[in-house]
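Quick note, the sequences are listed as chains A and B, same order.
All residue numbers for the first sequence refer to this note's numbering, where the first residue is 221 and numbers rise by one.
All residue numbers for the second sequence refer to this note's numbering, where the first residue is 221 and numbers rise by one.
Using N, Cα and C, we set each Cβ at its ideal position, and we do this for glycine too.
All values derive from a computational prediction rather than experimental measurement.
Working notes, beginning with the structure itself.
Number of protein chains: 2
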Amino acid sequence: MKMGVLGSGMVGQAISARLAELDHDVMIGTRNAAKLKEWQSINRKVKIGSFAETAAHGGMVFNATLGTASLDVLKMAGEPNLNSKIVVDISNPLDFSKGFPPSLTVSDTDSLAEQIQRAHPSAKVVKTLNTIIARIMVYPREVADGDHHIFISANDAGAKAQVAELLKSFGWLHIIDLGDLSTARGTEMYLSIWLRLWGALGTGNFNIKIVK
Amino acid sequence: MKMGVLGSGMVGQAISARLAELDHDVMIGTRNAAKLKEWQSINRKVKIGSFAETAAHGGMVFNATLGTASLDVLKMAGEPNLNSKIVVDISNPLDFSKGFPPSLTVSDTDSLAEQIQRAHPSAKVVKTLNTIIARIMVYPREVADGDHHIFISANDAGAKAQVAELLKSFGWLHIIDLGDLSTARGTEMYLSIWLRLWGALGTGNFNIKIVK
């Protein structure tokens, strides 16, 4: 499938490389193509484009930008290029400007995912993958043989099912459907404990498993 | 040990009963002793008192009140009755006034635990147990044989160690020390996903296990 990945940081690179490995036709969108030169030399199948070119390329579009930049980047991507498409929002609403730990830029009464959905009403926003580090997003089996959970939130049931299939192709075994997009407040607020766990455990290489 | 439990809802009742079962000398503090009449008939070892009497009784004091009432209740308990004592804060900063899911009354830049600590600087506030339902707090082995995690946050290392010992006596196997009391922001913000997981799973009878 044609995939557009907005954002060329660690998350955008990891998602793009994994999608290409799974034989999707991938373009990664960046403001600064020069910084991807070395990365592209080992990821030759991935095309590089502007945000607008990348959104136009993708049948499915990933928002892998910094949370503080997401709304601007999606605006640059352009409404016609996002119209009716699935937008997989992986961004974290974190403000790093005041040091570590960064603080959340939204409170429990809203989420970045909902802000993106309001700004792009024709897009089908699906929130997922924002609760782990980039490597685990795309190679979940590397942690505890994949015996841990990922969450998914969206208003459009069909879009959610399609993204869940993609997650399975990454290797995800346990996907919890939290409900509509407002449940992204839960996974976004989760970042607060995730950051402290990272500090306490001394590694970001972990996830949570729900036990009953 | 002499224990004072402020709050007579499900959490206060569960903590009081479990502490009494473990042979502590327990008083439960309430505004309305009458409502505890039936409960006390099967929990005869637990004394009932006012908030001030209960705080005075306890060598360790538990805040098991609603988050929206906690600061008021601790004020009624009285500074001299809390002075230098460990205050185990189990409260959840949730506002139920606008229906379900309730929303958080603090944002990521503060926590109810820190508010309590600021209001009672001589107390040793320890945040823990607020991330699961009452039954699991005191009988953690009933879920997945106890193979899941509880978190603890406090500024005073000695107080934190003493509360960790108490958690072990409840049956907790895996206690993660998140750090100072500001890390309670993490466990309090966690309530946002916890509430959505409760909705998605159809039960509050679950917890999370950290896997690496």
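Compare the C-beta of N303 (chain B) with all C-beta atoms of chain A and state if any pair is closer than 9 Å.
Between N303 (chain B) and chain A, the shortest Cβ-Cβ separation is not below 9 Å.
Same chain, Cβ closer than 6 Å to S331 (chain B), neighbours up to 5 away in sequence not counted:
A404, R405 and E408
Spell out a yes or no on whether the region 247 to 263 of chain A and the region 221 to 228 of chain A are touching, meaning 3 or more CB-CB pairs, one atom from each, closer than 8 Å.
yes
For L415 (chain A), collect the residues of the same chain with a Cβ closer than 6 Å to its Cβ; drop the 5 residues on either side in sequence, then sort them by chain order.
Short of 6 Å from the beta carbon of L415 (chain A), and not among the five residues preceding or following it, lie these beta carbons of its own chain, in chain order: P321.
Please classify L242 (chain B): does DSSP put it in a helix, a strand, or coil?
coil
Contacts that G419 (chain B) makes with chain A (C-beta to C-beta distance below 7 Å)
G399
Distance, D243 (chain A) Cα to S261 (chain A) Cα
17 Å
At a Cβ threshold of 9 Å, is L415 (chain A) touching chain B?
Output row for L415 (chain A): interface = yes.
For A343 (chain B), name the three-state secondary structure that DSSP assigns.
coil
Please report the Cβ distance between K305 (chain A) and G278 (chain A), rounded to the nearest whole angstrom; I am assuming they are in contact, meaning their Cβ atoms lie under 8 Å.
About 7 Å; that satisfies the 8 Å criterion.
Counting only the same chain and skipping the five closest in sequence on each side, list residues whose C-beta sits under 7 Å from that of K380 (chain A).
V346, I372, A374 and D397
Drop a sphere of 10 angstroms on the beta-carbon of S402 (chain A), count the other beta-carbons inside from all chains shown, and report buried for 16 or more, exposed for fewer.
buried
V266 (chain B) vs S236 (chain B) beta-carbon contact at 9 Å:
yes
If you count every other CB in all the chains shown that lies within 10 Å of the CB of A240 (chain A), and 16 or more means buried, which is it?
buried
Whole angstroms are fine: how far does the CA of F271 (chain B) sit from the CA of R251 (chain A)?
60 Å
Where does N350 (chain B) fall in DSSP's three states?
coil
Leaving out the 5 sequence neighbours to the left and right, which residues in its chain are closer than 7 Å to A276 (chain A) when beta-carbon positions are compared?
N301
On the three-state DSSP scale, how would you describe V326 (chain B)?
coil
Beta-carbon proximity list for A364 (chain A), same chain, < 8 Å, skipping 5 on both sides
N427 and K429
If I310 (chain B) and A343 (chain B) are in contact, beta carbons under 8 Å, what's the gap, nearest whole angstrom?
That belief does not hold up - the Cβ atoms of I310 (chain B) and A343 (chain B) are roughly 15 Å apart, past 8 Å.
Where do the N-terminal and C-terminal ends of the alpha helix (DSSP H) with L393 (chain B) fall, by residue?
Unbroken run through L393 (chain B): none, as it is neither H nor E.
So if DSSP puts L314 (chain A) in a beta bridge, which residue, or which two residues, is it bridged to?
A:L324
Span separating the alpha-carbon of K257 (chain B) from that of G366 (chain A)
49 Å
Under the three-state DSSP convention, the category K222 (chain A) falls into
strand
CA-CA distance, E385 (chain A) and R264 (chain B)?
55 Å
Identify whether H369 (chain A) lies in helix, strand or coil by the three-state DSSP scheme.
strand
Could you check what DSSP says for I262 (chain A) in three-state terms: helix, strand or coil?
Here I262 (chain A) sits in coil by DSSP.
For a contact defined as C-beta to C-beta under 7 Å, what are the partners of D328 (chain A) on chain B?
S323, L324 and S412
Quick check: what's the CA-CA separation for T423 (chain A) versus N303 (chain B)?
Each residue's Cα considered, the two are about 38 Å apart.
Q337 (chain A) versus A:V358, A:L324 and A:L291, residue with shortest Cα-Cα distance
A:L291
Taking the straight line between their C-alpha atoms, what separation do you get for W418 (chain B) and L411 (chain A)?
Rounded to whole angstroms, W418 (chain B) to L411 (chain A) spans 18 Å at the Cα level.
Looking at the secondary structure, which residues open and close the alpha helix (DSSP H) in which K432 (chain B) lies?
Premise fails: K432 (chain B) is in no alpha helix (DSSP H) and is neither H nor E.
Name, in chain order, the residues that DSSP records as bridge partners for I235 (chain A).
Looking at the DSSP assignment, I235 (chain A) forms no beta bridge with any residue, so it has no partner.
Between V383 (chain B) and L314 (chain B), what straight-line distance do the alpha-carbon atoms span, to the nearest angstrom?
If you take the alpha carbons of V383 (chain B) and L314 (chain B), they lie about 24 Å apart.
Apart from the five residues on each side of it in sequence, which residues of its chain come closer than 6 Å, Cβ to Cβ, to V293 (chain A)?
L226, F271 and T285
DSSP bridge partner residues for N283 (chain B) (one or two, in chain order):
Beta-bridge analysis with DSSP links N283 (chain B) to B:L226 and B:D309.
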